[in-house]
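Comments concern the structure below.
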């Protein structure tokens, strides 16, 4: 009898102990119950797994293969110098030593007005014949005037001949035939060299746009109709935009090749700072996030104040009233800082950002508290898996590698296209 009682007491104690542990687990894990224990026989939700998205994988491999093939063709057939340095319609460099263009460093456009065509930005080239010349034209003259019967005809025609294709040697050939064959330009306008390219010599006198000393010109068509120099201005603008775009692209590439090691040092420093930041978030997430939010608001407020002061400072200065549309694209971005409209635009943008952030703080403050709690847990998880910090670094490196490959490859096929287009023009 005593043995039976002891067994009952032991069983009761074990039951109470089990109930106590169950209550502790329930209070620890909450209403969702206890987690599943390890089961060596569990094979996952799907025992028989197979590959998915095979077609997409094949398409990706085909795209990568095509990407590599385009790069190989571009590198073997292209010449990136043709994108930057002036070349004539035959693809020959102007001013290159050891060639027929050694004494002809400047590029001359037969019809600069064709550069105003929208095709310029698509084809990366003005759709007109281009030749290398020793100097830019300095006067208004048409081929009809130069070849007319006059006591100065021979002298004028010889001057005009240096702006024709090298094959033009028959000075007795009729003007209509010469223009039809595209051997000479229909007209010449006063020009100045800009980046080794002959562009119209545009100047402004008392608010009037002039090329040379005239506001109109004869286009050489023989109709006698005068055209406004603004048409030359439009062509020169497009040619200049094209030139500046090329120069900006080359400057970016040169800066990258010169300062690549500084970029790597900056990436390493940012990685270390990010690691320290993640570690601090584990203990000071709430304080750091609220401090950053307040600092962002203060920085935006100071930016608004600074923009207003610059706007007020430029209010009475000459030349600051020019609009951004009138100024157009400029490679030297410091020019825009001398305009009132620039600082006004900055101030409006910063004001909008400030209002949006303050409204988000007012209406989403509870969500921010939840986000802070999630950030704390995320920092703890990253602390246990430190190799996860390498994933964004590897991704960034691969993206930079892809962009560098694209940028270097894109220059080569564009030079192939320029050579092909030049041959077609001739």
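Numbering (UniProt numbering), first residue to last: 1 to 426.
Beta carbons: idealized from backbone N, C-alpha and C, even for Gly.
Rounded to whole angstroms, the gap between the alpha carbons of residue 162 and residue 193 is 16 angstroms. In the pairwise beta carbon analysis, the segment 134-151 is classified as touching the segment 177-190: at least three pairs are separated by under 8 angstroms.
Distance from residue 106 to residue 93 at the Cβ level is roughly 12 angstroms; contact not present, criterion being Cβ atoms closer than 8 angstroms.
For the segment 281-355, the full-length alpha helix (DSSP H) segments reaching 4 residues or more read 324-327 along the chain. Ranked by Cα distance from residue 197, the options 95, 264, 166, 148 are led by 95.
The beta carbon of residue 156 sits closer than 6 angstroms to those of 146, all from its chain and outside the five residues before and after it, given in chain order. For residue 392, the three-state secondary structure derived from DSSP is helix.
In this structure residue 160 is buried. Its beta-carbon is surrounded by 16 or more other beta-carbon atoms within 10 angstroms.
Put simply, the backbone Cα of residue 256 is about 12 angstroms away from that of residue 400.
Pairwise C-beta distances place the segment 379-387 out of contact with the segment 335-348, as fewer than three of them are shorter than 8 angstroms.
Per the coordinates, the alpha-carbon of residue 104 lies some 14 angstroms from the alpha-carbon of residue 91. Closest in C-alpha terms to residue 324, from the list 306, 311, 345, comes 345. By DSSP's assignment, residue 142 forms a beta bridge with 187. Excluding residues up to 5 positions away in sequence, nothing lies with its Cβ nearer than 7 angstroms to the Cβ of residue 51 in the same chain.
CA-to-CA, the gap between residue 131 and residue 184 works out to about 10 angstroms.
Between residue 311 and the set 388, 347, 408, the nearest pair of CA atoms involves 347.
The Cβ atoms of residue 108 and residue 129 lie no closer than 7 angstroms to each other. With a cutoff of 7 angstroms on beta-carbon distance, residue 175 and residue 143 are scored as near each other.
In the three-state scheme derived from DSSP, where H, G and I count as helix and E and B as strand, residue 99 is classed as coil. In the same chain as residue 353, and ignoring 5 residues on each side of it, the C-beta atoms closer than 8 angstroms to its own belong to 300, in chain order. Spanning the alpha carbons of residue 318 and residue 263 requires a straight line of approximately 40 angstroms.
Per DSSP, the unbroken alpha helix (DSSP H) holding residue 64 starts and ends at 54-77.
In this structure, residue 375 lies near residue 281, with their beta-carbon atoms less than 7 angstroms apart. Comparing alpha carbon positions, the residue from 367, 126, 368 closest to residue 112 is 126.
Per DSSP, the beta bridge partners of residue 133 are 106.
Around the beta-carbon of residue 201, 16 or more other beta-carbon atoms lie within 10 Å, marking it buried. At a Cβ-Cβ threshold of 7 angstroms, residue 372 and residue 289 count as neighbours. By the Cβ-count criterion, residue 199 is buried, with 16 or more other Cβ atoms from all chains shown falling within 10 Å of its own Cβ. Judged by their CB atoms, residue 395 and residue 74 are not nearer to each other than the 7 angstroms cut-off. Secondary structure note for residue 199: its beta strand (DSSP E) is the uninterrupted segment 197-200.
A direct Cα-Cα distance of roughly 22 angstroms separates residue 303 from residue 316. Assignment of residue 176 by DSSP, reduced to helix, strand and coil, places it in the helix class. DSSP lists no beta-bridge partner residue for residue 387. Among the bridge pairs identified by DSSP, residue 194 is matched with 197.
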